[in-house]
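What follows is a short report on a single structure.
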Amino acid sequence: MRIAILKERAEGETRVAATPETAKKFIALGAEVAVEEGAGADASISDDAFREAGAEVATGPKAVEGADIVLGVQAPDVLALAGAKPGAWVAALFDPFGNRERVEAYAKGGFEALSMEFMPRITRAQSMDVLSSQSNLSGYKAVIAAADEYGRAFPMMMTAAGTVQAAKCFVMGVGVAGLQAIATARRLGAQVSATDVRSATKEQIRSLGAKPIFVESVEGIEGEGSGGYATEMSEEYQKAQAELVSGHIAKQDIVITTALIPGRAAPRLISDAQIATMKPGSVIFDLAVAQGGNVEGSEPDRVVEKHGVKIMGYANTPAHLAADASALFARNHYNFLSAFWDEEQGRPVLDEEIGDAVRLTRGGEVVSERLAE
Numbered sequence: 003m004r005i006a007i008l009k010e011r012a013e014g015e016t017r018v019a020a021t022p023e024t025a026k027k028f029i030a031l032g033a034e035v036a037v038e039e040g041a042g043a044d045a046s047i048s049d050d051a052f053r054e055a056g057a058e059v060a061t062g063p064k065a066v067e068g069a070d071i072v073l074g075v076q077a078p079d080v081l082a083l084a085g086a087k088p089g090a091w092v093a094a095l096f097d098p099f100g101n102r103e104r105v106e107a108y109a110k111g112g113f114e115a116l117s118m119e120f121m122p123r124i125t126r127a128q129s130m131d132v133l134s135s136q137s138n139l140s141g142y143k144a145v146i147a148a149a150d151e152y153g154r155a156f157p158m159m160m161t162a163a164g165t166v167q168a169a170k171c172f173v174m175g176v177g178v179a180g181l182q183a184i185a186t187a188r189r190l191g192a193q194v195s196a197t198d199v200r201s202a203t204k205e206q207i208r209s210l211g212a213k214p215i216f217v218e219s220v221e222g223i224e225g226e227g228s229g230g231y232a233t234e235m236s237e238e239y240q241k242a243q244a245e246l247v248s249g250h251i252a253k254q255d256i257v258i259t260t261a262l263i264p265g266r267a268a269p270r271l272i273s274d275a276q277i278a279t280m281k282p283g284s285v286i287f288d289l290a291v292a293q294g295g296n297v298e299g300s301e302p303d304r305v306v307e308k309h310g311v312k313i314m315g316y317a318n319t320p321a322h323l324a325a326d327a328s329a330l331f332a333r334n335h336y337n338f339l340s341a342f343w344d345e346e347q348g349r350p351v352l353d354e355e356i357g358d359a360v361r362l363t364r365g366g367e368v369v370s371e372r373l374a375e
């Protein structure tokens, strides 16, 4: 069983799909691990560190040659897999809804594509969930980046020269990223409030010391979709929410938006008219900017100023924390494969619940039910 880790080639991608820690663990299971030269450089991991863990370090073609499994952060181009065994598994982020052509190419190439973003949100798969591990870091980084861009202090400061008022931070969307954003803003000393379409998140918000901002006048709308994801709301709810949020946004110094719906463009949460009501010098960080954006006028990797408000967001937020993001991503990969490791066969054997959920292609065909839907 040979596991290959290639250097990421997507623009702006600094993460790596394995670390010396996980390479060593795979070797302990009986696998051979081959890492492309320089694969961990952007994540502060040297080739020597992989060698010391027992991995082979080789050029790209040599690393993938004879591979049974290829691990990636973002799925490599099919051409980069030349030399891998027929039917080799590739576990990575595939963006299956947004990049169907790549999925088709994997099917045509005879590879078994395992989409890590399709990992089911069930208890036993929590340690395998790359979206959660990376979103956690993204929520933290969004607040840190916004605080850096903001021209004032976050905490209240009482000095001999007078009092500096605490910044007001509003988090829109209370999933994994949103919860971490709340916690980080609170640690920095901001007055924090948050909202979500799922009423069940009220207690989570309160537990972190923030104020929940929710529509109370529209009954019977919970906003809870399948698998723990948020779902789109009715027009009535959206209108009521927009009115509530508009009044609240006008009083905020920092706004963090985190709303995403799997398989769809990011929902629009903040309009240009709402931005115009905010105080000059305020900052909005749009965590969904790469999927179309929650904020009107946001652009990936640019600070856009509108009505005196700075709007920002990264195309790949976890890549700005390469070392930690790589460590967590690599552990997700290891937890996934090791959970199904069959000692007799010397390789992982996936079950139906998780295997069928993440598998996109097999035997030359696209087999994912979610893509078929």
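Going by the working numbering, the final residue of the sequence shown carries number 375, and the count climbs one at a time with no gaps.
Ideal Cβ placement from N, Cα and C applies to all residues, glycine included.
Flag this pair as yes or no: are the beta carbons of Glu58 and Ala25 separated by less than 7 Å?
no
Between the C-alpha atoms of Gly265 and Asp97, what's the straight-line distance to the nearest angstrom?
9 Å
Counted within 10 angstroms of its Cβ, other Cβ atoms place Ala202 as buried (16 or more) or exposed
exposed
In chain order, what residues of the same chain lie with their CB nearer than 6 Å to the CB of Val132, ignoring the 5 residues before and after it?
Met118, Phe331 and Asn334
Option in Ala252, Asp344 and Asn296 with minimal Cα separation from Met280:
Ala252
In whole angstroms, what is the alpha-carbon distance linking Glu54 and Phe338?
24 Å
Distance, Cα to Cα, Glu151 vs Val66?
42 Å
Could you give the DSSP three-state label for Val173: helix, strand or coil?
strand
Helix, strand or coil: which one does DSSP assign to Ile223?
Model confidence at Ile223 stands at a pLDDT of 49, short of 50, so the residue's coordinates are unreliable; what they give is reported in the following sentence. Coil.
Look at Pro157 and Ala144 and say whether their C-beta atoms are less than 7 Å apart.
no
Just the C-alpha distance for Ala292 and Glu301, rounded to the nearest angstrom, thanks.
8 Å
Just how far apart, CA to CA, sit Ala341 and Ala93?
14 Å
Spell out a yes or no on whether the stretch 40-52 and the stretch 350-366 are touching, meaning 3 or more CB-CB pairs, one atom from each, closer than 8 Å.
no
When you compare each of Ala325, Ala107, Gly175 and Leu81 to Leu139 by their alpha carbons, which one comes out closest?
Ala325
Just list the beta strand (DSSP E) runs in the stretch 113-144, keeping only unbroken ones of 3 residues or longer that don't cross its boundaries, in chain order.
114-117
Proximity of Ala268 and Ala290 at Cβ, strictly below 7 Å:
yes
Quick check on Ile263: does DSSP put it in helix, strand or coil?
coil
Indicate whether Val173 and Ala185 have their beta-carbon atoms separated by less than 7 Å.
no
Can you give me the start and stop residues for the alpha helix (DSSP H) that Gln206 sits inside?
Lys204 to Ser209
Spatial distance of Ala84 from Glu34 (CA atoms)
18 Å
Relative to the ligand HEM, is the shortest distance from any of its heavy atoms to the C-beta of Trp343 smaller than 6 Å?
No copy of the ligand HEM occurs in the structure displayed, which carries no ligand at all.
For Lys87, which residues from the same chain have a beta carbon less than 7 Å from its beta carbon, with the 5 sequence-adjacent residues on both sides left out?
Gly68, Ala69 and Asp70
Cβ of Arg17 less than 7 Å from any chain D Cβ?
You won't find chain D in this structure, because it holds only one protein chain.
Rounded distance between the beta-carbons of Ile256 and Ala374, thought under 8 Å:
Their Cβ separation, rounded to whole angstroms, is 42 Å, which puts Ala374 and Ile256 out of contact at 8 Å.
When you compare the CB positions of Leu362 and Ala115, do they come within less than 7 Å of one another, or not?
yes
Would DSSP call Lys378 helix, strand or coil?
No information on residue 378 is available, as it lies outside the stretch 3 to 375 that the chain covers here.
Helix, strand or coil at Arg11 according to DSSP, with G and I counted as helix
coil
Pick from Asp274, Pro214 and Met160 that is closest to Leu181, judged by C-alpha positions:
Pro214
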